[in-house]
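Everything below concerns the one structure shown next.
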Ligand code: AVI
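Numbering (the working numbering), first residue to last: 1 to 339.
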């Protein structure tokens with residue numbers, strides 16, 4: 001299969017079947033500084049979870065996925081292992097796969113394999129903030145599947161959607177796996193899925209991986225893991241401020257806790273100041289003041305039931321067509337179709 005570059009000229013050929021788009025870096029650097037400034041100036045201090053994922057943060061997240069308490073990744077893989085052919089068969093062919101936040105794409109190979117069992121060739125468009133993750137996953141997948149072609153986007157997926165940079169020509173099966181949608185506040189989730197449905201055609205589909213509502217103790221243990229990997233993952237955002245913005249956070253001065261709020265359906269993560277302190281951040285020319293026990297909200301991880309999913313689909317231009325779950329109904333992969 002040969003690669004034809006048409007349309008956007010900002011795609012760079014990396015290999016015979018691999019094109020890469022790289023978002024201009026300065027945009028990200030500027031938004032990190034702006035978001036840290038506004039988040040740490042707010043009455044309830046907050047930092048956006050997307051900033052967890054520099055190289056160290058991504059490695060810590062991979063470690064979280066291996067924790068016995070963090071059942072999400074494992075359970076989603078089980079569901080895909082069992083139902084990938086059924087999922088692919090539920091969408092018309094030939095299809096292209098677009099993946100938002102592809103990461104290592106380890107689970108995606110199950111869907112790619114199932115798609116290539118149903119059609120001769122496949123175009124896969126992974127979108128991820130980390131270009132090293134894209135290189136690693138694309139090379140592994142291209143080595144495994146010789147009828148696969150990859151056009152990767154090293155960028156924030158909101159930016160890719162906003163810039164209308166994504167070019168697809170066949171039926172699209174989009175993937176947003178790993179409960180990533182859970183890290184958006186409900187109105188943001190509607191806006192993001194709405195942008196996805198607006199970018200594709202009626203009949204195109206989205207496979208959405210979501211963590212299901214369940215007992216608070218199980219949910220909280222998945223985040224308050226006893227080995228402290230999740231705490232290190234959260235504190236890495238402070239380390240990142242130190243490294244990239246000249247911050248002087250003492251990481252030992254903060255503890256970590258995650259609590260399930262059943263009313264909102266969200267596990268909320270916080271870094272908690274262990275004493276009063278003033279933290280300078282040189283690049284921002286600011287000093288951040290903390291009282292003892294003051295919190296920084298670092299992440300919400302929303303959980304869903306079927307009614308939540310139907311509502312989310314309806315509000316964002318989709319219809320919930322099918323739900324695949326594991327035997328214990330811990331996690332679900334939902335097929336949403338654009339109406
Ligand atoms: C990526 N995201 C779905 C994870 C979650 O479960 O909210 C991130 C995470 N945070 C702590 N552990 C895992």
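For every residue, glycine included, the Cβ atom is placed at its ideal position computed from N, Cα and C. Quantities reported herein were computed from a predicted structural model and do not represent experimental measurements.
- In this structure, residue 116 places its C-beta atom within 7 Å of the C-beta atom of residue 147.
- For residue 180, same chain residues with a beta-carbon under 8 Å away, outside a window of 5 residues either side, are 100, 101, 209 in chain order.
- Listed in chain order, the non-local C-beta contacts of residue 310 below 8 Å within the same chain comprise 320, local neighbours out to five positions each way being set aside.
- CA-to-CA, the gap between residue 337 and residue 141 works out to about 26 Å.
- Remark: three or more beta-carbon pairs, one from each stretch, lie closer than 8 Å, so the region 270-285 and the region 241-259 are flagged as touching.
- Note on geometry: alpha-carbon atoms of residue 88 and residue 313 lie some 19 Å from one another.
- Just measuring C-alpha positions, the residue of 176, 223, 149, 143 sitting nearest residue 268 is 223.
- When distances are taken from the beta-carbon of residue 230 to the heavy atoms of the ligand AVI, the shortest one is below 6 Å.
- The nearest non-hydrogen atom of the ligand AVI is less than 6 Å from the C-beta of residue 301.
- The region 197-208 and the region 118-132 do not touch, with fewer than 3 CB-CB distances between them shorter than 8 Å.
- Annotation for residue 16: no alpha helix (DSSP H) segment contains it, and DSSP assigns it neither H nor E.
- Here the alpha carbons of residue 318 and residue 151 stand approximately 25 Å from one another.
- A distance criterion of 6 Å places the beta-carbon of residue 139 beyond contact range of the ligand AVI, judged by its closest non-hydrogen atom.
- In this structure, residue 49 sits near residue 299, with a CB-CB distance shorter than 7 Å.
- Inclusion of residue 179 in the 6 Å shell around the ligand AVI follows from its C-beta lying nearer than that to a non-hydrogen atom of the ligand.
- With a contact defined as Cβ atoms closer than 8 Å, residue 171 and residue 93 qualify at about 7 Å.
- The beta-carbon distance between residue 184 and residue 129, rounded to whole angstroms, is 15 Å. This is too long to meet the 8 Å contact definition.
- Every beta strand (DSSP E) stretch that sits fully inside the region 131-198 and reaches 3 residues is listed by chain position as 148-154, 171-176.
- If you check the CB distance, residue 189 and residue 260 do not come in under 7 Å.
- Counting only the Cα atoms, residue 145 lies some 42 Å from residue 264.
- Per DSSP, residue 317 is not a residue of any beta strand (DSSP E), being assigned neither H nor E.
- Closer than 6 Å to some heavy atom of the ligand AVI: that describes the Cβ of residue 183.
- The ligand AVI has no heavy atom closer than 6 Å to the beta-carbon of residue 296.
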